[in-house]
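So in the working numbering, the last one in the sequence shown is 196, and the numbering has no gaps at all. First the structure, in the form of structure tokens, and then the observations on it.
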Amino acid sequence: MEQIKTKKQPFAKSEKSRKEERGWYAVHTYSGYEDAVARYLKQRVDSLEMHDKIFNIIVPKEKNIKIKNGKRKETEEKIYPGYVLVDMVMSDDSWYVVRNTPRVTGFVGANSTEPAPLSKDEVDSLLSRMGGKTPKIQIEFSVGEIVKITDGPFKDSEGKISEVDSEHGKLKVMIPLFGRETAVELDSLQVKKI
């Protein structure tokens with residue numbers, strides 16, 4: 003049987019896969035407008051009463067701790083800038099509602115009219131990354147840099163960074179002590195760049 007695309011059929015599927023199934027879909031947006039798109043889409047779902055087709059809308063983000071100039075700052079960064087994830091049943095109506103939301107450029111798939119759902123593994127991995135209790139620490143130091151210790155028993159000593167532990171926010175600094183280089187483990191807040 004030959005399938006003919008019409009204006010009323012925005013996404014084409016084979017007869018076997020025509021059954022409407024729930025899945026997570028990646029929606030491409032204008033970069034920087036992910037939160038606005040999520041807000042607009044939630045408003046459209048409410049006003050058009052699409053709760054039976056569109057269930058959840060998220061902007062994938064993770065918490066980070068940036069250390070700059072000796073100060074810790076907790077930030078929330080988008081994991082995939084320019085994308086919003088939508089948990090929905092793909093149908094003509096739900097496709098139309100999402101696709102015609104302001105600042106949405108299309109679905110991710112073979113083409114924007116044939117959206118491909120994300121695999122369960124991809125979704126599970128992403129949700130666990132988002133739900134992480136401990137934020138990642140981003141340290142603005144690298145191995146080989148010369149730093150000055152600003153706190154602790156070695157205050158005012160200078161040394162060279164030999165190791166960076168981003169996971170715990172720690173640095174190993176080689177300082178001259180008793181006539182030889184000695185490794186000292188410090189918190190990244192205890193040093194500053196020279």
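Where is the CB? At the ideal position from N, CA and C, for every residue including glycine.
Query                                                                                                                                                                                          : Result
How many angstroms separate the CA atom of Ser168 from the CA atom of Ile141?                                                                                                                  : 6 Å
Quick test of your reading: Lys172 and Asp153, contact by CB under 8 Å. State the CB separation rounded to the nearest angstrom.                                                               : That belief does not hold up - the Cβ atoms of Lys172 and Asp153 are roughly 14 Å apart, past 8 Å.
Could you tell me the distance, in whole angstroms, from the CA atom of Lys195 to the CA atom of Val88?                                                                                        : 44 Å
Counting along the chain, where does the beta strand (DSSP E) carrying Asp189 start and finish?                                                                                                : 182-189
Let me know if Ile148 comes out buried or exposed under the rule of 16 or more other beta-carbons within 10 Å of its beta-carbon.                                                              : exposed
At what residue ranges does the stretch 27-74 contain a whole run of the beta strand (DSSP E), taking only runs of 3 or more?                                                                  : 56-60, 63-70
Which term fits Ser16, buried or exposed, when burial requires 16 or more other beta carbons within 10 angstroms of its beta carbon?                                                           : Its pLDDT being 43, under 50, Ser16 is placed unreliably by the model, and the measurement read from it follows with that caveat. Counting Cβ neighbours within 10 Å, Ser16 comes out exposed, since fewer than 16 surround it.
As a quick exercise: from Ile139, Ile163, Gln192, pick the residue whose alpha carbon is nearest that of Thr184.                                                                               : Ile163
Based on Cα-Cα distance, which residue from Pro117, Leu120, Pro119, Val86 lies nearest to Val106?                                                                                              : Val86
Starting from the C-beta of Ser159, find all residues in its chain whose C-beta is less than 7 Å away, skip the five residues before and the five after it, and write them out in chain order. : Ile151, Ile177
Do the CB positions of Ser121 and Met52 come within less than 8 Å of each other?                                                                                                               : no
Specify the secondary structure class of Ser96 as computed by DSSP and reduced to three states.                                                                                                : helix
Kindly indicate the opening and closing residues of the beta strand (DSSP E) around Glu165.                                                                                                    : 160-167
How many angstroms separate the CA atom of Arg182 from the CA atom of Gly161?                                                                                                                  : 12 Å
Can you tell me where the beta strand (DSSP E) holding Leu173 begins and where it ends?                                                                                                        : 172-179
Are the Cβ atoms of Leu50 and Thr103 separated by less than 8 Å?                                                                                                                               : no
For Lys194, would you say it is in contact with chain C, using Cβ-to-Cβ distances shorter than 8 Å as the test?                                                                                : The chain labelled as chain C is not found in the depicted structure, where only one protein chain is given.
Return the first residue and the last residue of the alpha helix (DSSP H) that Leu129 is part of.                                                                                              : 122-132
For Asp89, which beta-bridge partners are listed by DSSP?                                                                                                                                      : Trp26, Asn58
Can you give me the C-alpha to C-alpha distance between Gly111 and Pro117, rounded to a whole angstrom?                                                                                        : 4 Å
Nearest to Phe143 by alpha carbon, out of Val175, Lys157, Gly108, Tyr98?                                                                                                                       : Val175
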